[in-house]
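Listed in order, the protein sequences are those of chains H and G.
Those letters in the first sequence? Residues 1 to 220, per our numbering, in order.
Those letters in the second sequence? Residues 1 to 111, per our numbering, in order.
All C-beta atoms in this analysis are idealised placements derived from N, C-alpha and C, irrespective of residue type, glycine included.
Because the structure is a prediction, the values reported are computed rather than measured.
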Amino acid sequence: MKWIYVVAGIAVFIKMLIMPNPTAEWSEMAIVESIVKDAGVSNAVSGIIFRNRLYDTIFEVVVFTIAVLGVGFLLADEQPTNIVYQFSDRPSIILARLGATITAIISIELGIRGHLSPGGGFAAGVAGGTAIGLIAITSSSEMMENIYKRWHISTWEKALVIVFILLAAITLSGWAIPVGELGTLFSGGIIPLLNILVAIKVTLGSWAVILLFVRYRGLL
Amino acid sequence: MLEACVFATILCGFLGIILKQNLVMKIISMDIMSTGVIAYYILIASRSGLFTPIVGNKENVGYADPVPQAVILTAIVIGFSIQALMLVGVMKLAKNNPTLEASAIEQNNTP
Chain H
1 MKWIYVVAGI AVFIKMLIMP NPTAEWSEMA IVESIVKDAG VSNAVSGIIF RNRLYDTIFE
61 VVVFTIAVLG VGFLLADEQP TNIVYQFSDR PSIILARLGA TITAIISIEL GIRGHLSPGG
121 GFAAGVAGGT AIGLIAITSS SEMMENIYKR WHISTWEKAL VIVFILLAAI TLSGWAIPVG
181 ELGTLFSGGI IPLLNILVAI KVTLGSWAVI LLFVRYRGLL
Chain G
1 MLEACVFATI LCGFLGIILK QNLVMKIISM DIMSTGVIAY YILIASRSGL FTPIVGNKEN
61 VGYADPVPQA VILTAIVIGF SIQALMLVGV MKLAKNNPTL EASAIEQNNT P
């Protein structure tokens, strides 16, 4: 049975190589310029994600939240690991802290300037999550969890999702902030705000996932 | 040529999913397959030009198509979420049956 799948896979591979893809003949329309003009931000990808595809992006955020919730739900009845082996030598700790600082700064930069330069909310969130992950592999998991609990991070995460959905719904119903001058920091109407919201949301979500995996699985 | 490499990546991932018995290897193969798909989208986006679709000072440069790049972001985010969920599922399976081999787990659970 397996070999049929293998042969079918190789056949599809050869088919894709031999037969050329049909290409659409509509290159006259300048896609980038028209999107930039519509959305008022110079990064066309951000413009598409938070304007043309806003309805999709809402559910993208929802799917991410549900996945984080699902990880917590599935792990809830497991036994937490007793000993979490951490990196304990000074060079690793200092390097990880340095890396975390740099990644956190990059995350903020990607978040607030995502509509002007390469970046955007999701990339910024992943950078923030990496920063938190770097801290998590070197500091004690109790400390991380205390911080997580003290600042009510999970509540904030859910509140941010609701705020994002509300803002997106307002935007989808037609109400919009004036776009402003193209290429400045405060331009693009709602898009920078949505970028920052998504960045914080993805950071907090990956923090939750990292904490859960470290608590129930350890680092090694 | 580049297209052939991308398709080879997707094929490697696909064969890994169906041929490997270890569940973690299956998840890694799925990740490789989705990486190939993402690379294919990027390749298609670069047909109309190689510049990042960010309007700057230069005039009349061939921008890459922003639409496939924006669409594939969904696949990246959802791939991450699904991987997290699958890893948890594998953890639970491996705890109940002390193995990661798919056939052994199936044999344990057949009545």
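Member of the options whose CA lies at the smallest distance from the CA of residue i
i, options, result
"isoleucine 177 of chain H", "H/Thr184, H/Ala168, H/Gly183 and H/Gly188", "H/Gly188"
"leucine 93 of chain G", "G/Phe7, G/Ile72 and G/Gln107", "G/Gln107"
"alanine 168 of chain H", "H/Leu193, H/Ala67 and H/Gly119", "H/Leu193"
"serine 117 of chain H", "H/Tyr5, H/Gly128, H/Ile200 and H/Ser42", "H/Ser42"
"glycine 49 of chain G", "G/Ile78, G/Gly62 and G/Thr9", "G/Gly62"
"alanine 67 of chain H", "H/Arg215, H/Val209 and H/Tyr216", "H/Val209"
"valine 198 of chain H", "H/Lys149, H/Gly129 and H/Gly99", "H/Gly129"
"glycine 111 of chain H", "H/Arg215, H/Ala30 and H/Phe186", "H/Phe186"
"valine 179 of chain H", "H/Asp38, H/Ile94 and H/Ile102", "H/Asp38"
"leucine 75 of chain H", "G/Lys95, G/Pro68 and G/Val24", "G/Lys95"
"asparagine 257 of chain H", "H/Thr103, H/Arg150, H/Gly120 and H/Ser141", "The question about residue 257 of chain H has no answer, for chain H in this structure spans 1 to 220."
"lysine 99 of chain G", "G/Pro53, G/Gly13, G/Leu23 and G/Leu15", "Note that residue 99 of chain G corresponds to threonine in the displayed sequence, not to lysine. Of G/Pro53, G/Gly13, G/Leu23 and G/Leu15, the residue nearest in Cα terms is G/Leu23."
"isoleucine 200 of chain H", "H/Ala123, H/Ala100 and H/Ala11", "H/Ala123"
"threonine 203 of chain H", "H/Trp175, H/Leu160, H/Ile10 and H/Gly183", "H/Leu160"
"glycine 40 of chain H", "H/Glu181, H/Asn195 and H/Gly218", "H/Glu181"
"leucine 211 of chain H", "H/Asn146, H/Ile190, H/Trp175 and H/Ile196", "H/Asn146"
"tryptophan 175 of chain H", "H/Ile190, H/His115 and H/Pro22", "H/Ile190"
"isoleucine 31 of chain H", "G/Val55, G/Leu43, G/Val37 and G/Gly89", "G/Val55"
"isoleucine 137 of chain H", "H/His152, H/Ile93 and H/Gly125", "H/Ile93"
"asparagine 60 of chain G", "G/Pro68, G/Val67 and G/Phe51", "G/Phe51"
"isoleucine 196 of chain H", "H/Met143, H/Ser139, H/Val126 and H/Gly120", "H/Gly120"
"isoleucine 76 of chain G", "H/Val126, H/Thr184, H/Ser139 and H/Ala96", "H/Val126"
Buried versus exposed, by CB contacts within 10 Å (16 or more), residue i
i, result
"aspartate 65 of chain G", "buried"
"glutamate 33 of chain H", "exposed"
"tyrosine 41 of chain G", "buried"
"arginine 51 of chain H", "buried"
"tryptophan 207 of chain H", "buried"
"valine 45 of chain H", "buried"
"proline 91 of chain H", "exposed"
"leucine 17 of chain H", "exposed"
"phenylalanine 73 of chain H", "exposed"
"alanine 45 of chain G", "buried"
"methionine 33 of chain G", "buried"
"proline 53 of chain G", "buried"
"valine 163 of chain H", "exposed"
"threonine 101 of chain H", "exposed"
"histidine 152 of chain H", "exposed"
"proline 68 of chain G", "buried"
"serine 81 of chain G", "buried"
"arginine 103 of chain H", "Inspection of the sequence shows that residue 103 of chain H is occupied by threonine rather than by arginine. Label assigned to threonine 103 of chain H: buried."
First and last residue of the uninterrupted alpha helix (DSSP H) at residue i
i, result
"alanine 176 of chain H", "Looking at the DSSP string, alanine 176 of chain H is not in any alpha helix (DSSP H), and its letter there is neither H nor E."
"arginine 215 of chain H", "191-217"
"isoleucine 137 of chain H", "Careful: isoleucine 137 of chain H lies outside any alpha helix (DSSP H) and carries neither H nor E."
"glycine 40 of chain H", "Counting along the chain, glycine 40 of chain H falls outside any alpha helix (DSSP H), and DSSP gives it neither H nor E."
"tryptophan 3 of chain H", "2-18"
"methionine 97 of chain H", "The residue asked about is misnamed: residue 97 of chain H is arginine in this sequence, not methionine. From DSSP, the alpha helix (DSSP H) with arginine 97 of chain H extends over 90-112."
"tyrosine 85 of chain H", "First-last for tyrosine 85 of chain H: undefined, no H or E at that position."
"glutamate 60 of chain H", "54-75"
"glycine 13 of chain G", "2-19"
"valine 24 of chain G", "23-45"
"proline 22 of chain H", "Where proline 22 of chain H is concerned, there is no enclosing alpha helix (DSSP H), given that its DSSP letter is neither H nor E."
"lysine 92 of chain G", "66-96"
"alanine 30 of chain H", "First-last for alanine 30 of chain H: undefined, no H or E at that position."
Neighbourhood of residue i by C-beta, 8 Å cutoff - its chain only, sequence neighbours within 5 removed
i, result
"isoleucine 165 of chain H", "Ile58, Val61 and Val62"
"valine 7 of chain H", "none"
"proline 80 of chain H", "Arg215 and Tyr216"
"alanine 39 of chain G", "Val6 and Thr9"
"glutamate 157 of chain H", "Thr65, Val68, Lys201, Leu204, Gly205 and Ala208"
"valine 71 of chain G", "Tyr41"
"alanine 102 of chain G", "Gln21, Asn22, Leu23 and Lys26"
"tyrosine 148 of chain H", "Ser154, Trp207, Ala208 and Leu211"
Own chain, CB closer than 7 Å to residue i, minus 5 neighbours either side, in chain order
i, result
"serine 154 of chain H", "Ala208"
"leucine 54 of chain H", "Ala168, Thr171 and Leu172"
"serine 29 of chain G", "Gly13, Gly16, Ile17 and Lys20"
"valine 71 of chain H", "Val209 and Leu212"
"glutamine 83 of chain G", "Ile27 and Asp31"
"methionine 86 of chain G", "Ile27"
Sequence-distant residues of its chain with Cβ nearer than 6 Å to residue i (five each side left out)
i, result
"glycine 47 of chain H", "Ile35, Ala39 and Val41"
"leucine 135 of chain H", "Reading off the sequence, residue 135 of chain H comes out as isoleucine, not leucine. Cβ within range, chain order: Ala100."
"isoleucine 49 of chain H", "Thr57"
The ligand PLP heavy atom lying under 6 Å from the CB of residue i
i, result
"threonine 52 of chain G", "Looking for the ligand PLP in the displayed structure turns up nothing, as the structure carries no ligands at all."
Where the stretch 54-68 of chain H meets chain G: residues whose CB sits under 7 Å from a CB there: Asp56, Glu60, Val63, Phe64 and Ala67
Near-chain H residues of the stretch 52-68 of chain G (beta-carbon distance less than 9 Å), N- to C-terminal order: Thr52, Pro53, Ile54, Val55, Gly56, Tyr63, Ala64, Asp65, Pro66 and Val67
Proximal residues, the stretch 2-20 of chain G versus chain H, C-beta separation under 9 Å: Glu3, Ala4, Phe7, Ala8, Ile10, Leu11, Phe14, Leu15, Ile18 and Leu19
Residues, ordered as in the chain, of the stretch 3-23 of chain H that lie near chain G by beta-carbon distance below 9 Å: Tyr5, Val6, Gly9, Ile10, Val12, Phe13, Met16, Leu17, Asn21 and Thr23
Within 7 Å of chain G by C-beta, residues of the stretch 37-53 of chain H in sequence order: Ser42, Asn43, Ala44, Val45, Ile48, Ile49 and Arg53
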